[in-house]
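Here's the structure, in C-alpha cells; my notes come after.
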C-alpha cells in the first residue's frame, strides 16, 4: 500500500513539473519580440513628411503637378500630405495650419492669392518649418525658396511668336488673375517685347484686362467686350494661359473670327494643342511639369535634411530677394508640336490630332 502511494505521488509530481515547464516555454524572454525579424513593420514616423498645399485642381495641369510631385517625393523615400483649397484663401490657410500641426518637415505652397498666404509662411516659420513657393511666388513674405519656370520669359516667348505673325496692328491682352503674381510676371514679359513696338507706333493695345481666377468664362466676357469696343477690328490676342485663351477663342468663334486672329496662350494643355493643330490657336508655351515637380521634391527633401539647394536667380517678392530656381519654357506652334510636347509624351499624338471638344 505504501509503495502504491509513493508511485501515485511521484506521478503527480512529474505531472506538475511538466505543466510548469510548458508554462515557462510560453513566456518569451524579456526584451525580445515574438515576431520574426523579417516580419517587422518599418516605423513610418522615421520618414520625412512633406506638405503640399495647392490652390486648385480644376485646371488641366494641376492634377499632373500633384501626381508628379507625389511620385517624386515617394521615390525619394519620404511621405507627402496634399491638400487642395479649391480657390479659397481661407481654406488654404486652414489646410496649411493642418499640415503644420501634422508636423510636416517642409511645406510646399501653390498660392491662390499671392498676398493672402503670406500668413502661412509666418505660421510655418514659427513652427520651425521651411516653405517652398511652387510655381507661384508668395508675395511680401520670407518664403525660403521659389521654384517655377521663368514666367517673364514665358510672356516674352508669347509676344515674340505673335509679333512674328502680326508685326503691326491692334493687339488685345487678356491676362490671368490679378491676385496671382505669375499673371504680373507673364504680362511684364509680354510688354518687354511689345513696348518698343508700341513706342514706334507699330502696335496699339486696344484692350487690356485681367481675368478673375483665370477662368475661361471671365476671359470670354473680356474678349466679348474687346470685340464690341473695337467693332471686331482686332489683329492679335495674347492670353494669360490656355484656359483664358479658350474663352478668347470662343468669343472669336461667335463672331466668325476664329483662325483669322492669332491667339497665344501658355501651359500646353491638351485642348490648346488640339486648337493649334486645328488652327484656332497660334502658340502655347510648354513648361515640362514633371521636371518642375521633381525639382521641387528634391529641393524639399534637401531642405528637410538641412542641405543647401542650388538656385540660379533671386526674385523680389516685395519684401526680400528670394532664392529661386527657374526652369526654361519652350514655345510650341504647329511646326514643332510633334518634336516637343508629343515627343516628350506630355500628350499623345492621337489625342492632339483629335478635334477639340466643343
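Numbering (this note's numbering), first residue to last: -17 to 340. Every residue, glycine too, gets a C-beta built ideally from N, C-alpha and C. Everything numeric in this text was worked out from a predicted model, so none of it was measured.
Residue environment, residue i, which counts as buried when at least 16 other CB atoms sit within 10 Å
i	result
residue 102	buried
residue 332	exposed
residue 122	exposed
residue 222	buried
residue 185	buried
residue 6	Bear in mind that a pLDDT of 37 at residue 6, under 50, signals an unreliable position, so the number given afterwards is only what the model happens to contain. Exposed, since its Cβ has fewer than 16 Cβ neighbours within 10 Å.
residue 167	buried
residue -8	Confidence is the limiting factor: at residue -8 the pLDDT is only 48, short of 50, which leaves the residue's position unreliable, though a coordinate-based value still follows. Under this definition residue -8 is an exposed residue.
residue 257	buried
residue 292	exposed
residue 83	exposed
residue 324	buried
residue 162	buried
residue 321	exposed
residue 109	exposed
residue 346	Because the chain here runs from -17 to 340, residue 346 falls outside it and cannot be looked at.
residue 334	buried
residue 59	exposed
residue 104	exposed
residue 302	exposed
residue 57	exposed
residue 140	buried
residue 183	exposed
residue 178	exposed
residue 85	exposed
residue 263	buried
residue 33	buried
residue 164	buried
According to DSSP, residues forming a beta bridge with residue i
i	result
residue 51	None, per the DSSP bridge assignment.
residue 328	DSSP lists no partner for residue 328.
residue 155	190 and 220
residue 35	65 and 91
residue 128	115 and 306
residue 245	219
Extent of the continuous alpha helix (DSSP H) run through residue i
i	result
residue 254	252 to 260
residue 138	133 to 147
residue 81	71 to 83
residue 103	100 to 108
Range covered by the beta strand (DSSP E) that runs through residue i
i	result
residue 115	112 to 116
residue 268	266 to 268
Interface flag, residue i vs chain D, CB-CB below 7 Å
i	result
residue 91	Reference to chain D is not applicable here, since this structure consists of a single protein chain.
8 Å contact criterion, which residue i and residue j should meet: CB distance rounded
i	j	result
residue 160	residue 192	4 Å
residue 313	residue 245	Not quite, the Cβ-Cβ distance comes to about 14 Å (not below 8 Å), so this is no contact.
residue 96	residue 119	6 Å
residue 188	residue 154	6 Å
residue 225	residue 41	6 Å
residue 202	residue 232	5 Å
residue 90	residue 114	5 Å
residue 133	residue 171	7 Å
residue 277	residue 309	7 Å
residue 158	residue 199	Between residue 199 and residue 158 the Cβ distance is about 13 Å, and since that is not below 8 Å, they are no contact.
residue 227	residue 254	6 Å
residue 144	residue 220	6 Å
residue 87	residue 286	4 Å
residue 65	residue 35	5 Å
residue 125	residue 299	7 Å
### Task
Kindly provide the ranges of any beta strand (DSSP E) runs that are 3 or more residues long and lie completely inside the segment 178 to 242, ordered along the chain.
If only complete runs of 3 or more residues are kept, the segment 178 to 242 shows the beta strand (DSSP E) at 185 to 191 and 218 to 221, in order along the chain.
### Query
Can you give, in chain order, each stretch of the alpha helix (DSSP H) that sits fully within the segment 268 to 320 and has at least 4 residues?
Taking only runs of at least 4 residues, the alpha helix (DSSP H) segments lying wholly in the segment 268 to 320 are 271 to 286.
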